[in-house]
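Order-wise, the sequence lines are chains A and B.
Just so you know, we're using my numbering here: the first sequence kicks off at 282 and counts up by one.
Just so you know, we're using my numbering here: the second sequence kicks off at -11 and counts up by one.
C-beta: ideal position from N, C-alpha, C; glycine also.
From a predicted model like this one, the values you see are computed outputs, not experimental measurements.
These notes concern the structure reproduced below.
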Amino acid sequence: MSLKIFVPGDAAALSVGSDAVSRAINEQISARRIDATVIRNGSRGMFWLEPLVEVETSRGRVAYGPVTAAEVPGLFDVGFLEGKPHKLHLGLTEEIPFLKTQERLTFARCGITDPLSLSDYISHGGYRGLERALKMSQMEIVEEVTNSGLRGRGGAGFPTGIKWKTVLGASADQKYIVCNADEGDSGTYADRMIMEGDPFVLIEGMTIAGLAVGATSGYIYVRSEYPHAFRQLKRAIAIAHEKGYLGASVAGSGKRFDLEPRMGAGAYICGEETSLLESLEGKRGQIRFKPPLPALKGLFGQPTVVNNVISLASVPIILDKGAQYYKDFGMGRSRGTLTIQLAGNIKHGGLVEKAFGLTLREAIYEYGGGTASGRPLRAVQVGGPLGAYFPASLLDTPLDYEAFAERKGMLGHGGIVVFDDTVDLAHQARFAMEFCAVESCGKCTPCRMGSTRGVEVIDRVIANEDRAKNLELLADLCEVLTDGSLCALGGLIAYPVQSAVRHFPEDFDKPAPLPPPATGSNQGVPSWR
Amino acid sequence: MGLTGHKDWDADLALARIQELERLPGALLPIFHALQEEFGYVDKAAIPLIASALNISHAEVHGVLTFYHDFRREPSGRHHLKICRAESCQAMGCETMIRHVEDRLGVKLGGTNEDRSLTVEPVYCLGNCALSPAAMLDGKLYGRVSSDVADFLIDGARGHS
């Protein structure tokens, strides 16, 4: 039997040279006349080890990393195909501590299978959830998802089953399933990883959602910053169609489900579900008033389920193993697993899927190994650009929706961005307001005007003009944004800004101005100067 | 082919691309993407063609075109370098690298250098946050982009131009 060598085709692995490594391995295979096949798997999510090459041995898969193309001949020389020692030898992949202690449910196959092999998908437990769903009534499927405790992984944490129930209860000729793959938060990449590394799990989850609520059509709205994921999804959807898992009769059931990926166009606001729907309809990505809820009046005015990638990709395992199995992971009202993404100034950046309840400290130090620079950690931002900046004293906060809310922060999509002691929180607060100004859809005045005024007020604070008075004004402005904005962009921008002021007051007392800003602007982006 | 590596504006070709897509529900974004892929930007002469194909007003087409950061309304450089300046990349010093790139090219983010080989644009997150700073050259992602790596990308792009 042909030997299997795994070289990730994930965009992050490609970004540090995995294509060159794959080419070098193929050259050695032909030069040495070895019977071996290179499989372009997804990433295991240990990005500091990418490109991570694995070989299948009788003991299991053995990992080497980070591999460069130049080191490939040497690996063949020492016999890496038998898992022999080498300075890049990492032992059995499953035994690497970063992976070993994880609880991978949604990411069970990511990095293990060939992402575009449907037979691989099925032999690793794929489509068992759909198979069970096809034997259930619509209400039973919805109840299973409700009972699992699954909450929206995009950030809002709304119970998925309840959303589905509303759509199921609505009567309409056409309903839709829309997947929000506009993963715009800095520090997050879980959606990208699953779309590239196990696209069929998302397709299966959406198909089950379609069956559950009676929707025959689905869209995946992928951000344009993810061209690789977009291409991968297109290929996977074509394969699923060809093999009868999408189309007029899903898995021979006689039930239709069609799926189409659509590309966004660089607007952060389109991660907000109503903006996303507008954008899918071919309009400006401006948010809609709620009510009506998208569940009743969503895409093209029809009842629509809008769920994040990870929420939908978690559905197959819930249907396969049952609600109770999933619910047994987690704490309090946060059930199941959280996909934590370690980012920024972190030694071991990567994906950690674990039951809710791990603390920030455990995530950053036990998995992440501390800062990449080796300098002391000073701040972490959890939950993307609208998440709070926490100081080191809050590192014992458990990663759970409610625990973060209690500390005036939010878990969001699970991204953790680590900063060392060179960070200037006044600069970060200013950036947050500027980002809000750049990305505001312009529909409501507090967000449209308030964000620009916010940048100006922070500039005055930094320049030490009437500092106390301007900090008071900033607090007042943040309150207006929080209470008066139509959506989460303006509504949450006070989190990063006010947490910076609250936890890092010393950065707002500096008499010196910020270091000279870097750049000009693009397409209406306000200048730093 | 024009100097940009894309085709020069051609109304017939534009119309053909529009007609391929006009029947899609919510066709406007796919049409803009297709035109930009073809010509490197969306020429203002496309606006009446699209408006008439989709039976919407010129103002609506213009409004959508100008809402999204991605769509260019002027011809750009032959290559496109997007540099992430979101929080994760800030934590790894992207601002220093960006200043270096701007000095090297003599142009601010959002601009095109003098020989029109390269347009540099800011982007807020490329989803490569465990390998920050990140950049994307002509749709290809790069990680751990120090000033040296940025130089390598710039040299490569100019060499191919």
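Going along chain A, which residues have a C-beta under 9 Å from Glu25/B?
Within 9 Å Cβ-Cβ: nothing; Glu25/B doesn't reach chain A, min ~11 Å.
What residues from chain B crowd round Met544/A, counting only those whose CB sits closer than 8 Å?
Leu17, Pro18, His21
Member of Val738/A, Ala521/A, Asp291/A, Gln309/A whose CA lies at the smallest distance from the CA of Tyr507/A
Asp291/A
Would you kindly report the start and end of the unbroken alpha helix (DSSP H) that includes Gln7/B?
-1 to 9
Given that a residue counts as buried once 16 or more other Cβ atoms are within 10 Å of its Cβ, and exposed if not, what is Ala4/B?
exposed
Run the CB neighbour count on Ile443/A, radius 10 Å, all protein chains shown included, and call it buried at 16 or more, exposed below.
exposed
Contiguous beta strand (DSSP E) assignments of at least 3 residues, all confined to the stretch 76 to 147 of chain B
Secondary structure within the stretch 76 to 147 of chain B: the beta strand (DSSP E) runs of 3 or more consecutive residues, fully enclosed, are 106 to 111, 123 to 125, 128 to 130 (chain order).
Keeping to the same chain, check which residues put their C-beta closer than 6 Å to that of Thr107/B; ignore five residues upstream and five downstream.
Ser64, Gly65, His68, Thr100
Which one of Val590/A, Ile377/A, Glu485/A has the shortest CA to CA distance from Thr469/A?
Val590/A
Taking C-beta to C-beta, are Tyr639/A and Thr620/A nearer than 8 Å?
At residue 639/A the sequence reads Leu, which differs from the Tyr that was named. Result no, Cβ atoms of Leu639/A and Thr620/A do not sit closer than 8 Å.
Determine the closest residue to Gly656/A out of Glu102/B, Pro121/B, Ala79/B, Ser134/B, with distance taken between C-alpha atoms.
Note that residue 656/A is Arg in the sequence shown here, rather than Gly. For Arg656/A, the nearest C-alpha among the options comes from Ala79/B.
Suppose contacts are defined by Cβ-Cβ distances below 8 Å. Is Ser303/A in contact with Val319/A by that definition?
yes
Looking at the C-beta of Val52/B, does it have a partner C-beta in chain A at a distance below 8 Å?
Judged by the 8 Å Cβ criterion, Val52/B is in contact with chain A.
With a 10 Å radius around its C-beta and 16 neighbouring C-beta atoms as the bar for buried, classify Ser418/A as buried or exposed.
exposed
Could you name the residues of chain A that Asn43/B contacts, counting a contact when the two beta carbons are closer than 7 Å?
Going along chain A, no residue has its Cβ under 7 Å from Asn43/B, so there is no contact; the nearest lies around 12 Å.
How many angstroms separate the CA atom of Glu90/B from the CA atom of Thr84/B?
10 Å
Flag Gln662/A as yes if its beta-carbon sits less than 8 Å from any beta-carbon of chain B, otherwise no.
Cβ-Cβ to chain B under 8 Å: yes for Gln662/A.
Could you tell me which uninterrupted alpha helix (DSSP H) segments, each at least 4 residues in length, are contained entirely in the stretch 700 to 780 of chain A, listed from first to last along the chain?
706 to 720, 726 to 743, 748 to 765, 769 to 773
Those residues which DSSP pairs with Glu335/A across a bridge:
Phe287/A, Ala344/A
Are the beta-carbon atoms of Ala636/A and Ala118/B separated by less than 8 Å?
no
If contact means a Cβ-Cβ distance below 9 Å, which residues of the stretch 501 to 527 of chain A contact chain B?
Arg504, Ser505, Glu506, Tyr507, Pro508, His509, Ala510
Would you mind reading off the limits of the alpha helix (DSSP H) that contains Arg473/A?
471 to 478
Quick check on Arg516/A: does DSSP put it in helix, strand or coil?
helix
With respect to the alpha helix (DSSP H) encompassing Ala34/B, which residues constitute its N-terminal and C-terminal limits?
34 to 42
Beta-carbon proximity check, Thr652/A vs Val719/A, cutoff 8 Å:
no
Nearest-angstrom beta carbon gap, Pro597/A and Glu485/A [assumed within contact, 8 Å]:
5 Å
Limits of the unbroken beta strand (DSSP E) element including Val30/B
Val30/B -> no beta strand (DSSP E), and no H or E assigned at all.
Gly468/A versus chain B: which residues are under 7 Å apart at the beta carbon?
Glu75, Ser76, Cys117
With DSSP as the reference, identify every bridge partner of His784/A, one or two as the case may be.
None, per the DSSP bridge assignment.
Please state whether DSSP places Asp(-4)/B in a helix, a strand or coil.
Coil, per DSSP.
Of all Cβ atoms in chain A, is any one closer than 8 Å to the Cβ of Ser120/B?
yes
Could you name each continuous alpha helix (DSSP H) segment of 4 residues or more that falls completely within the stretch 400 to 436 of chain A, going from the start of the chain to the end?
409 to 414, 419 to 429
Give, in chain order, every residue of the stretch 623 to 645 of chain A whose Cβ lies closer than 9 Å to some Cβ of chain B.
Listed by position, the residues of the stretch 623 to 645 of chain A near chain B (Cβ gap below 9 Å) are Leu623, Ala624, Gly625, Asn626, Ile627, His629, Gly630, Gly631, Leu632.
Between the alpha carbons of Gly430/A and Leu93/B, how many angstroms are there, rounded?
53 Å
Quick check for students: name the residue ranges of the alpha helix (DSSP H) that lie wholly in the stretch 577 to 615 of chain A, counting only runs of 4 or more.
590 to 602, 604 to 608
Under a CB-based cut-off of 8 Å, is Leu561/A close to chain B?
Output row for Leu561/A: interface = yes.
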